[in-house]
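Engineer: Quick note, the sequence shown lines up with residues 1 to 778 if you use our numbering. Beta carbons are placed, not taken as given, at the ideal position from N, Cα and C, and that holds for glycine.
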Amino acid sequence: MNTAADFADYVRRRRRALDLTRTELAARVGCSPDTIKKIEEGERRPSKELAVLLAHHLAIGEAERPLFVAMARGQAAPDPVAPGPSHLPAPLTSFVGRSSEVSALVAALTSEDVRLLTLVGAPGVGKTRLAVRAAGELRPYFPDGVWFVPLATLEDPRLATLTIAHTLGVADNRPASLLDQLTHLLRDRRLLLVLDNFEQLLDAAADLVHLLTACAGLKIMVTSRTPLDVYGEHRFIVSPLPTPPPAEWPSPQRVAAYPAVQLFLARVRAHDADFQLDEENCALIAEVCARLDGLPLAIELAAAQTYRDLPTRLRKQLAGGRRLDLLATTARGLLPRQQTLREAIHWSYRLLSPADQVLFARLGGFAGDFDLDAAYAVAYDPDERADVASGDARFELADRLEALAGHHLIQARTQDGEIVYNLLETLREFALEQLAAHGESGAVRRRHAAYYAAMAQAVDPARTGGDLQEWRALLRRNQANLLAALQWSIGAPEPTLALQLAGGLGHYLYLEGHWQESVHWLQSALAVGDAGEPALRARVLTSLGILYIALGHYAEAERHLTAALGLARRAEDRLGAAWALHQLAHQAILQGDAVQARAYAEDALYIQREMGDPRFLALTLEQLGCAAVEEGNYEEGTPWLLESLEIYLKLNADGGSGSTFNLLGMAALAQGETAQALDAFRRAYAHFERIHHTHGLPWTLRNLGLAQLCLNQPALAQNHFLAAYDRYVALASQDGAIGVVEGIAGVAAQLGQHTLAAHLFGAAAAQRELAGLPLTAN
Numbered sequence: 001m002n003t004a005a006d007f008a009d010y011v012r013r014r015r016r017a018l019d020l021t022r023t024e025l026a027a028r029v030g031c032s033p034d035t036i037k038k039i040e041e042g043e044r045r046p047s048k049e050l051a052v053l054l055a056h057h058l059a060i061g062e063a064e065r066p067l068f069v070a071m072a073r074g075q076a077a078p079d080p081v082a083p084g085p086s087h088l089p090a091p092l093t094s095f096v097g098r099s100s101e102v103s104a105l106v107a108a109l110t111s112e113d114v115r116l117l118t119l120v121g122a123p124g125v126g127k128t129r130l131a132v133r134a135a136g137e138l139r140p141y142f143p144d145g146v147w148f149v150p151l152a153t154l155e156d157p158r159l160a161t162l163t164i165a166h167t168l169g170v171a172d173n174r175p176a177s178l179l180d181q182l183t184h185l186l187r188d189r190r191l192l193l194v195l196d197n198f199e200q201l202l203d204a205a206a207d208l209v210h211l212l213t214a215c216a217g218l219k220i221m222v223t224s225r226t227p228l229d230v231y232g233e234h235r236f237i238v239s240p241l242p243t244p245p246p247a248e249w250p251s252p253q254r255v256a257a258y259p260a261v262q263l264f265l266a267r268v269r270a271h272d273a274d275f276q277l278d279e280e281n282c283a284l285i286a287e288v289c290a291r292l293d294g295l296p297l298a299i300e301l302a303a304a305q306t307y308r309d310l311p312t313r314l315r316k317q318l319a320g321g322r323r324l325d326l327l328a329t330t331a332r333g334l335l336p337r338q339q340t341l342r343e344a345i346h347w348s349y350r351l352l353s354p355a356d357q358v359l360f361a362r363l364g365g366f367a368g369d370f371d372l373d374a375a376y377a378v379a380y381d382p383d384e385r386a387d388v389a390s391g392d393a394r395f396e397l398a399d400r401l402e403a404l405a406g407h408h409l410i411q412a413r414t415q416d417g418e419i420v421y422n423l424l425e426t427l428r429e430f431a432l433e434q435l436a437a438h439g440e441s442g443a444v445r446r447r448h449a450a451y452y453a454a455m456a457q458a459v460d461p462a463r464t465g466g467d468l469q470e471w472r473a474l475l476r477r478n479q480a481n482l483l484a485a486l487q488w489s490i491g492a493p494e495p496t497l498a499l500q501l502a503g504g505l506g507h508y509l510y511l512e513g514h515w516q517e518s519v520h521w522l523q524s525a526l527a528v529g530d531a532g533e534p535a536l537r538a539r540v541l542t543s544l545g546i547l548y549i550a551l552g553h554y555a556e557a558e559r560h561l562t563a564a565l566g567l568a569r570r571a572e573d574r575l576g577a578a579w580a581l582h583q584l585a586h587q588a589i590l591q592g593d594a595v596q597a598r599a600y601a602e603d604a605l606y607i608q609r610e611m612g613d614p615r616f617l618a619l620t621l622e623q624l625g626c627a628a629v630e631e632g633n634y635e636e637g638t639p640w641l642l643e644s645l646e647i648y649l650k651l652n653a654d655g656g657s658g659s660t661f662n663l664l665g666m667a668a669l670a671q672g673e674t675a676q677a678l679d680a681f682r683r684a685y686a687h688f689e690r691i692h693h694t695h696g697l698p699w700t701l702r703n704l705g706l707a708q709l710c711l712n713q714p715a716l717a718q719n720h721f722l723a724a725y726d727r728y729v730a731l732a733s734q735d736g737a738i739g740v741v742e743g744i745a746g747v748a749a750q751l752g753q754h755t756l757a758a759h760l761f762g763a764a765a766a767q768r769e770l771a772g773l774p775l776t777a778n
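See the structure below:
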């Protein structure tokens with residue numbers, strides 16, 4: 001990586017891997033976006049100070065930062081010499097991708113500062129292949145040769161030095177020790193040793209330090225699943241190959257640009273030279289590579305199956321949690337741990353202490369990122385927590401997690417100033433196998449579900465009045481674990497946990513826009529069985545009612561909300577009853593029954609006055625105002641809406657403020673005050689956009705379109721209607737989509753396209769009748 005172009009490619013890939021724009025990275029390091037652009041295009045090198053900042057914000061590990069800064073500055077490498085003898089294994093297959101990593105390794109091992117470089121990474125990530133490739137590029141810099149020493153079959157550290165000596169032709173038949181003989185042999189030579197698979201021989205690392213100290217021309221490149229942790233060591237983390245994100249799966253051209261897919265195709269074509277990536281199979285192949293976490297060994301093993309099995313079958317088997325059974329080969333000439341992914345992982349697993357093996361297995365219960373608190377709650381059973389209740393317990397656990405990360409069996413990174421962990425899916429599947437073998441699956445998954453059920457219940461702002469944005473951010477970070485806990489609780493079955501999770505997640509899933517999927521989850525939780533807790537069931541039924549309202553299924557919404565109200569009253573859960581009444585009022589308004597809506601809202605107001613919660617008071621006033629506006633009683637409705645808005649603004653409740661501004665705009669529009677309505681709708685959009693409100697944004701876009709129609713601005717109106725339509729379709733909201741079609745029909749009429757307008761109005765009316773929706777758009 002001594003050329004600016006090599007370093008530029010490396011920076012660009014790191015930035016994209018962290019999902020940062022050039023502007024965002026520039027803001028973090030304190031330079032202009034144009035500077036980042038020039039660095040990434042190889043037009044300039046950063047100063048030493050800027051390189052240090054880049055290393056930090058590109059998440060370069062502490063041990064690797066001096067190496068990164070040296071590469072950034074383009075440190076001069078020794079002049080190449082005539083290539084020395086090669087004692088590297090000849091590759092039997094092509095080398096795919098990793099050009100920037102090869103350049104980085106060459107730059108490192110040709111700099112003066114790096115004498116011992118350790119390639120570390122997860123099982124199957126391709127450390128050996130990368131080391132051999134880089135070593136081949138390094139031959140011109142080592143006139144006395146590049147020597148490859150395979151150590152995978154050794155288990156006794158005392159045999160490491162012996163194997164190195166025998167590889168270099170030193171016989172153990174002299175009075176001096178082997179280490180002294182090696183030192184004598186290498187003292188005046190410029191030579192590179194590549195020591196492959198050193199992780200089980202760490203006690204021999206001191207001999208390497210001795211050799212490097214005594215032999216100035218010697219350099220050593222090691223592959224290991226854990227660092228050597230010796231003085232002078234530089235570490236190079238080998239990451240999985242980049243895989244295409246789902247948004248790019250339909251495009252063969254974009255999918256083919258990713259190294260994981262390139263490797264897959266290269267290995268498939270070894271069996272089927274005519275195999276092509278096309279529009280029919282590209283999404284399947286991209287998904288397979290993603291499900292395999294971009295691990296080269298896993299991809300190579302999967303590719304070997306593809307010439308016999310269709311990619312669709314392969315994807316189905318991987319989705320069913322059978323990676324480790326599927327990913328195997330009978331090819332001769334490979335070590336057992338290279339023939340199956342399970343053996344590759346087991347090789348690292350058996351190097352752990354028994355206690356860390358148990359911890360790793362228990363961490364398989366996590367389906368996404370987790371922090372120290374979550375690990376403490378899930379990895380220790382109550383008796384173990386009692387035994388380690390001292391203040392040192394969490395420090396001990398943090399050390400053990402760091403050790404697992406050092407073995408690359410879990411991943412660790414810093415997020416918002418805190419360390420979070422996760423497991424690659426292939427490693428998680430292995431951990432779950434070990435968990436089952438220990439007979440702990442049920443207990444660990446139950447603790448996992450209980451921890452996330454408590455999280456979902458404790459912070460719901462619909463019931464606690466907490467900050468909506470913080471709550472959504474917390475649940476979004478933990479969504480994978482929350483849904484995994486819900487799925488397990490339903491399947492176990494654990495009725496109480498299932499209802500707690502479903503009730504706590506219902507409002508969040510509605511706001512996130514996962515409406516159809518959420519209906520399935522909540523119905524499944526209710527079907528697990530009656531846990532004898534009517535308040536919990538009421539909460540889930542209310543969430544289902546909200547989802548059915550959003551989907552335009554008003555009869556289903558009313559049925560579920562009425563049942564929720566009855567259960568909440570039976571449980572004497574006044575908050576639950578008030579929440580169900582609020583949603584019944586909303587549902588009645590959408591069906592055009594303002595009288596019934598007012599009755600529900602007044603019942604909710606009666607409860608609210610006893611509870612004294614300002615958020616619910618604002619919601620009740622909003623619904624009373626909405627009901628009055630629907631009746632055409634603007635003089636009564638507008639003051640209620642304004643009082644509601646005042647409370648929402650004081651609470652910084654953007655969702656409520658956006659909703660109330662929309663209602664005020666609709667009242668103004670109905671009274672012919674179009675400019676005032678347009679201003680209210682714009683304010684509503686600003687509030688909804690601030691919190692990415694999935695339902696509020698298309699509702700407001702539709703209202704903006706209606707206001708612009710009234711101002712005789714059909715082009716602007718159509719733009720807003722089309723934007724709203726796309727969002728409603730993505731949300732599967734029938735009522736919303738039909739209302740937008742009616743708006744587009746209005747645009748056609750205003751443009752004089754009367755045939756098209758009549759067709760659209762007729763189609764919308766037919767859809768309303770078919771769906772059982774009110775015949776007048778809301």
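(1) May I ask you to report which of helix, strand or coil DSSP gives S524?
(2) Within 10 Å of its beta-carbon, does P245 have 16 or more other beta-carbons around it, so buried, or fewer, so exposed?
(3) Report yes or no: do the stretch 492-503 and the stretch 540-549 share at least 3 C-beta pairs separated by less than 8 Å?
(4) With which residues is K219 paired in a DSSP beta bridge?
(5) At what residue ranges does the stretch 40-69 contain a whole run of the alpha helix (DSSP H), taking only runs of 4 or more?
(6) Quick check: the Cα distance between R139 and I410, rounded to an integer number of angstroms?
(7) Go through its chain and collect everything with a Cβ distance to Q623's Cβ below 6 Å, but skip five positions before and after it.
(8) Where does A412 sit, in a helix, a strand or coil, going by DSSP?
(9) Which first and last residues belong to the alpha helix (DSSP H) in which I546 is found?
(10) If T118 sits next to P227, beta carbons under 8 Å apart, how far is it from one beta carbon to the other, in whole angstroms?
(11) What three-state label does DSSP hand R98 in the structure shown?
(12) Can you give me the Cβ contacts of A59 inside the same chain, cut-off strictly under 8 Å, excluding the 5 residues immediately before and after it?
(13) Please say whether L182 and R115 have beta carbons closer to each other than 9 Å?
(14) Could you check what DSSP says for L761 in three-state terms: helix, strand or coil?
(15) Can you tell which of A484, A403 and L297 has the C-alpha that lies nearest to the C-alpha of G126?
(16) As a quick exercise: from E533, G576 and T755, pick the residue whose alpha carbon is nearest that of G545.
(17) Excluding the five sequence neighbours on either side, which residues of its own chain have a C-beta within less than 6 Å of the C-beta of L619, listed in chain order?
(18) Buried or exposed: where does S353 fall if 16 or more other Cβ atoms within 10 Å of its Cβ makes it buried?
(19) Within the same chain, show all residues whose beta-carbon is closer than 6 Å to that of R362, passing over the 5 residues directly before and after it, in chain order.
(20) Between L359 and Y376, is the Cβ-Cβ spacing less than 9 Å?
(21) Three or more beta-carbon pairs under 8 Å between the stretch 692-702 and the stretch 736-745, yes or no?
(22) Output the distance between the C-alpha atoms of L20 and R702, rounded to the nearest integer angstrom.
(23) Report, in whole angstroms, the separation of the C-beta atoms of L351 and E233, which I expect to be a contact under 8 Å.
(24) In whole angstroms, give me the CA-to-CA distance for R187 and Q357.
(25) May I have the straight-line CA-CA distance separating V120 from N719, to the nearest angstrom?
(26) What is the rounded straight-line gap between the Cα of I285 and the Cα of H514?
(27) Can you give the Cα-Cα distance for H193 and D113, rounded to whole angstroms?
(28) Looking at the strands, I want to know which residues DSSP matches up with S780.
(29) Can you tell me where the beta strand (DSSP E) with I237 in it begins and where it stops?
(30) State the DSSP-derived secondary structure class of A568, mapped to helix, strand or coil.
(31) Grouping DSSP H, G and I as helix and E and B as strand, with all else coil, what is L779?
(32) Do you know offhand how far A550's Cα is from D416's?
(33) If we call anything under 9 Å between Cβ atoms a contact, is L263 one with G97?
(34) Hey, Y421 and D369: beta-carbon distance below 9 Å or not?
(35) Give me, in chain order, the residues of the same chain whose beta-carbon lies closer than 6 Å to that of Q596; leave out the 5 immediate sequence neighbours on both sides.
(36) Distance check for L372 and G442, CA to CA, integer angstroms please.
Structural biologist: The structure says:
(1) By one-based count along the sequence shown, residue 524 stands at place 524. In this structure, S524 counts as helix in the three-state DSSP scheme.
(2) Sequence index remark: in the sequence shown, residue 245 carries index 245 (1-based). P245 is exposed by the Cβ-count criterion.
(3) Contact between the stretch 492-503 and the stretch 540-549 is present, because at least three Cβ pairs lie under 8 Å.
(4) Residue numbering aside, residue 219 sits at position 219 when the sequence shown is read from its first letter. K219 pairs with L192.
(5) Within the stretch 40-69, complete alpha helix (DSSP H) segments of at least 4 residues are found at 48-57, given in chain order.
(6) Numbered from 1 along the sequence shown, position 139 holds the residue referred to as residue 139. Numbered from 1 along the sequence shown, position 410 holds the residue referred to as residue 410. The alpha-carbon of R139 is positioned some 35 Å away from that of I410.
(7) Translated into the one-based positions of the sequence shown, residue 623 becomes position 623. If we look at Q623 and ignore the five residues flanking it on each side, its Cβ neighbours are A585 and A601.
(8) For this step, residue 412 is matched to residue 412 along the sequence shown. Strand at A412.
(9) Stepping through the sequence shown from its first residue, residue 546 is reached at position 546. Counting along the chain, the alpha helix (DSSP H) containing I546 begins and ends at P534 to L551.
(10) What you label residue 118 is simply residue 118 of the sequence shown in a count that begins at 1. What you label residue 227 is simply residue 227 of the sequence shown in a count that begins at 1. Rounded to whole angstroms, the Cβ separation of T118 and P227 is 6 Å, and the two are in contact under 8 Å.
(11) The count along the sequence shown starts at 1 and reaches residue 98 at position 98. R98 carries a coil assignment under DSSP once its states are collapsed to helix, strand and coil.
(12) Looking up residue 59 in the sequence shown gives position 59. The residues are R14, L18, R413 and T414.
(13) To locate residue 115, count along the sequence shown from 1; it is residue 115. To locate residue 182, count along the sequence shown from 1; it is residue 182. Contact: no.
(14) As a working mapping, residue 761 is identified with position 761 in the sequence shown. In the sequence as displayed, the identity of residue 761 is Phe instead of Leu. In this structure, DSSP gives F761 a helical state, which the three-state scheme calls helix.
(15) Locating residue 126 in the sequence shown gives position 126, where the first residue counts as 1. That would be L297, whose Cα lies nearest to the Cα of G126.
(16) Mapped onto the sequence shown, residue 545 falls at position 545. Out of E533, G576 and T755, G576 has the C-alpha closest to the C-alpha of G545.
(17) Against the sequence shown, residue 619 aligns to sequence position 619. If we look at L619 and ignore the five residues flanking it on each side, its Cβ neighbours are H582.
(18) Walking along the sequence shown from the start, residue 353 turns up at place 353. With fewer than 16 other Cβ atoms within 10 Å, it is exposed.
(19) Here the question's residue 362 lines up with position 362 in the sequence shown. Cβ neighbours of R362 beyond the five flanking positions: A379 and V444.
(20) In the sequence shown, the residue the question calls residue 359 occupies position 359. In the sequence shown, the residue the question calls residue 376 occupies position 376. Y376 is positioned such that its CB atom lies no closer than 9 Å to that of L359.
(21) Between the stretch 692-702 and the stretch 736-745, the count of C-beta pairs closer than 8 Å reaches three or more; the two stretches touch.
(22) Counting from one through the sequence shown, the residue named residue 20 turns up at place 20. Counting from one through the sequence shown, the residue named residue 702 turns up at place 702. In this model, L20 and R702 are separated by some 33 Å (Cα to Cα).
(23) Position 351 of the sequence shown holds residue 351. Position 233 of the sequence shown holds residue 233. Not really, about 18 Å apart at Cβ, beyond 8 Å.
(24) In the sequence shown, counting from the first residue as 1, residue 187 sits at position 187. In the sequence shown, counting from the first residue as 1, residue 357 sits at position 357. Approximately 42 Å between the Cα atoms of the pair.
(25) Locating residue 120 in the sequence shown gives position 120, counting from the first residue. Locating residue 719 in the sequence shown gives position 719, counting from the first residue. If I take the Cα positions, the gap works out to 52 Å.
(26) As a first step, residue 285 is located in the sequence shown; it is residue number 285 there, counting from the start. As a first step, residue 514 is located in the sequence shown; it is residue number 514 there, counting from the start. Cα-Cα distance, rounded: 26 Å.
(27) In the sequence shown, counting from the first residue as 1, residue 193 sits at position 193. In the sequence shown, counting from the first residue as 1, residue 113 sits at position 113. Strictly speaking, residue 193 in this sequence is Leu, with His absent from that position. Between L193 and D113, the C-alpha separation is close to 17 Å.
(28) The question about residue 780 has no answer here: the residues shown for the chain are numbered 1 through 778.
(29) The residue you call residue 237 lines up with position 237 of the sequence shown. Residues E233 to I237.
(30) Working through the sequence shown from its first residue, we reach residue 568 at position 568. Three-state DSSP puts A568 in a helix.
(31) Lying outside 1 to 778, the shown extent of the chain, residue 779 is not represented and no answer is given.
(32) Within the sequence shown, residue 550 is the residue found at index 550, counting from 1. Within the sequence shown, residue 416 is the residue found at index 416, counting from 1. When rounded, the distance between both Cα atoms is 34 Å.
(33) What you label residue 263 is simply residue 263 of the sequence shown in a count that begins at 1. What you label residue 97 is simply residue 97 of the sequence shown in a count that begins at 1. It is a contact, given that the beta carbons lie within the stated cut-off.
(34) Residue numbering aside, residue 421 sits at position 421 when the sequence shown is read from its first letter. Residue numbering aside, residue 369 sits at position 369 when the sequence shown is read from its first letter. In this structure, Y421 places its C-beta atom within 9 Å of the C-beta atom of D369.
(35) Taking the first residue of the sequence shown as 1, we reach residue 596 at position 596. Cβ within range, chain order: A588.
(36) Residue 442 sits at position 442 when you count from the first residue of the sequence shown. Residue 372 sits at position 372 when you count from the first residue of the sequence shown. Approximately 21 Å between the Cα atoms of the pair.
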